[in-house]
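Data block below; observations after.
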Amino acid sequence: MTELRAEARELLSKAERVVVLTGAGVSAESGVPTFRDATTGLWRSHRPEDLATPEAFRRDPELVWSWYQWRRRLVGRCEPNAGHLAIARFALAHGHVDLVTQNVDGLHHRAALTAALETSPPKDPLPAFPTELHGALMRDRCSGCGLRSDAAPTDGPEAGPDVRVPVARCSECRALLRPDVVWFGEALDVSALEDAFTAAAEADVCLVVGTSSLVYPAAGIPRAALGADRPVIEVNMEATPLTPHATYTLNGPAGRILPELLAT
Ligand code: OAD
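Just so it is clear: in the sequence shown, position 119 is 345 by my numbering, and no numbers are missing.
Put into structure tokens, the structure is as follows:
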């Protein structure tokens, strides 16, 4: 273990309260594509404004729905990786960890269920773990009445992101369903966001994993920690706008770094 990593690990093990912010990079080793990777990123082959805005859904609901159905199939085949599990085990053992994610893939939640079953006797999974700032891919929301429901299974013939499938309709009001995710131009849940900012400013350490730190307001969460003189540990494969300000920067894949960093 490098000296830097040992210091960061000690900081985390001694902290009474920890805030963890994650982005797409934490799920990359599970096979979920990130958004901005130079070769495989989702925003390389598609423009966000064509697929992830309310205007795009109004213009061509079937295109947007079909792309999300493809992502649902893709994520449905993925499993939580060593990074998700390390965070979940740490949180369960530690007890005062706020996990805030920009990811909509549900893998943190699945890792939390696994970690809870590993304990003897099995613990209850932590409630509200994680806070999903950008919503949940596997949940539908009615574009008419707002009713939320679990998304129907997306098995069936393998189809690429551009193969069109008809948009499902609400069982109550028959309006079109949409994925329950936050699109560009839409507001995040204000109280969840406020809680995350307050937690970051009050925690003893803020751990930031696998995010390009480009998309606000989420990117402001570690800034709130720094503004309150709290240490920030960044785990990433490459430098981000946060890197020059981070107290510790650990360079490498989350699935390799986190199990060592968060070992209890
Ligand atoms: P990005 O795709 O912008 O960034 C992913 C980050 O993860 C990059 O900084 C990579 O270097 C890093 N990374 C990749 N593989 C990694 C690994 N194995 N271990 C550690 N780090 C790794 O994804 P986000 O920052 O999550 O929003 O993107 C933020 C938001 O922009 C998303 O929630 C989404 C997107 O548009 C909406 O859809 C509203």
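By construction, the Cβ of each residue, glycine as well, lies at the ideal position given by its N, Cα and C atoms.
C-alpha distance - residue i paired with residue j, whole-angstrom precision
i	j	result
L402	P479	39 Å
A250	G332	12 Å
T228	A234	10 Å
V290	A454	40 Å
P306	G257	10 Å
A444	A427	14 Å
P259	S253	8 Å
H322	K349	15 Å
R449	E242	20 Å
E358	S292	23 Å
A338	Y294	24 Å
R492	P287	A query on residue 492 cannot be resolved here, the shown segment of the chain reaching from 227 to 490 and no further.
A314	L373	30 Å
P356	T490	20 Å
W269	P347	44 Å
A342	E486	20 Å
R390	S369	19 Å
S417	I447	14 Å
Whether residue i touches residue j by CB criterion (9 Å)
i	j	result
L247	A362	no
C371	E344	no
L261	W409	For the sequence presented, residue 261 should be read as Phe rather than Leu. It is not a contact, given that the beta carbons lie outside the stated cut-off.
L476	L230	yes
G481	P280	no
Y474	L325	no
P405	R298	yes
H335	V244	no
P492	S439	Look at the range of the chain in this structure, 227 to 490, and you will see that residue 492 is not part of it.
A394	D376	no
V461	V431	no
CB-CB length for residue i against residue j, believed under 8 Å
i	j	result
A308	L488	About 10 Å separates the two Cβ atoms, so there is no contact after all.
A451	I459	About 10 Å; that fails the 8 Å criterion.
V407	H360	6 Å
Top-ranked residue by Cα proximity to residue i, from the options
i	options	result
N329	A317, M364, D350 and A319	M364
S271	A418, D388 and A377	D388
T340	R298, L318 and V326	L318
R303	H360, P379, E288 and E275	P379
T327	D263, D276, L277 and Y442	Y442
A465	R273, D263, A425 and I447	D263
Contact test: residue i Cβ vs the ligand SAM heavy atom, cutoff 8 Å
i	result
M463	For the structure depicted, the ligand SAM is absent and the ligand set comprises only the ligand OAD.
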